[in-house]
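Student:
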Amino acid sequence: MSTSGKPKLLIATGNPGKARELARALKDIPLRFTSLTEEGMEATVEESGHTLEANALLKARAYGRASGLPTLADDSGLEVEALHGEPGVHAKGYAGEHASDEERVRFLLSKLQGVPREKRQARFRCVIAVVLPSGREGLCEGTVEGFIAFEPKGTLGFGYDPVFYLPELDKTMAELPLEVKNTLSHRGRAAKKAAALLHHMINQGELS
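For the sequence shown, my numbering gives the first residue as 2, with consecutive numbering after it.
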């Protein structure tokens, strides 16, 4: 419990960009958000699941057990139709375990070399898991449809954001301010559902 009287919620990610997005998207929830760094924990849980749901739950359960706190974790994937759904759940390690975001983007673009715009459809998916010390669990999913651009644009995002093009806005995800991104991104949409779930847990006295 924080000094303000708000219960803590651990946002269990080692990605600072993702942590900022989630905290901003959940800012209206009467909780005090804490991080792995604040709790003196390292991001060491291996994402060994074969689905986004499995990985999100794996992380939320492990960090929840270790911290004793209500915990939220997510897993996201990029599904490109021309690549038969790749990289999917393996988006982070698609270009190698230790590849940078820039290297992942370059690798993805190399796989799509010669593929015309109309066949570059893609989907971002995010699954958020919320796990309470009581054992109560919840899953929330969000998706967004777009295309893979021919070259990266924008500096405001991370991961594959610079090449995820949204035709209705004529911009990539990395060209959008965080406030705009959170209204339409896969993570923002999943977070909106997670916010409703957290509100329900608070109202039911499960989070106090």
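A virtual CB, placed ideally from N, CA and C, is assigned to each residue, including glycine.
Quick caveat, the model's predicted, so the values are computed rather than measured.
Pick out the complete alpha helix (DSSP H) segments inside the region 51-94, 4 residues or longer, and give them in chain order.
Tutor: 53-68
Student: Suppose the cutoff is 8 Å on Cβ atoms and the five residues either side in sequence are ignored; what does the same chain contact list for residue 173 look like?
Tutor: Taken in chain order, the residues that qualify are 150, 153, 154, 155, 158, 162, 163, 164, 165, 166 and 167.
Student: Run the CB neighbour count on residue 187, radius 10 Å, all protein chains shown included, and call it buried at 16 or more, exposed below.
Tutor: buried
Student: Would you identify the three-state DSSP class for residue 133, choosing helix, strand or coil?
Tutor: coil
Student: Whether or not the region 128-136 and the region 83-97 are in contact is what I'm after, with contact meaning three or more pairs of Cβ atoms, one per stretch, closer than 8 Å; do they touch?
Tutor: no
Student: Based on Cα-Cα distance, which residue from 29, 144, 13 and 20 lies nearest to residue 200?
Tutor: 29
Student: Write down the C-beta distance between residue 12 and residue 73 rounded to the nearest angstrom, noting that I regard them as a contact closer than 8 Å.
Tutor: Correct: roughly 5 Å between the Cβ atoms.
Student: Select from 128, 122, 98 and 67 the residue whose C-alpha is nearest the C-alpha of residue 85.
Tutor: If we check each option's Cα against that of residue 85, 122 comes out closest.
Student: With a cut-off of 8 Å, do at least 3 Cβ pairs link the region 31-51 to the region 6-22?
Tutor: yes
Student: In angstroms, rounded to a whole number, what distance separates the CA positions of residue 4 and residue 43?
Tutor: Reliability of the predicted coordinates at residue 4 is poor, the pLDDT of 44 falling under 50, and no value is obtained from them.
Student: How long is the line joining the alpha carbons of residue 147 and residue 124, rounded to whole angstroms?
Tutor: 6 Å
Student: Start and end of the alpha helix (DSSP H) containing residue 181?
Tutor: 179-185
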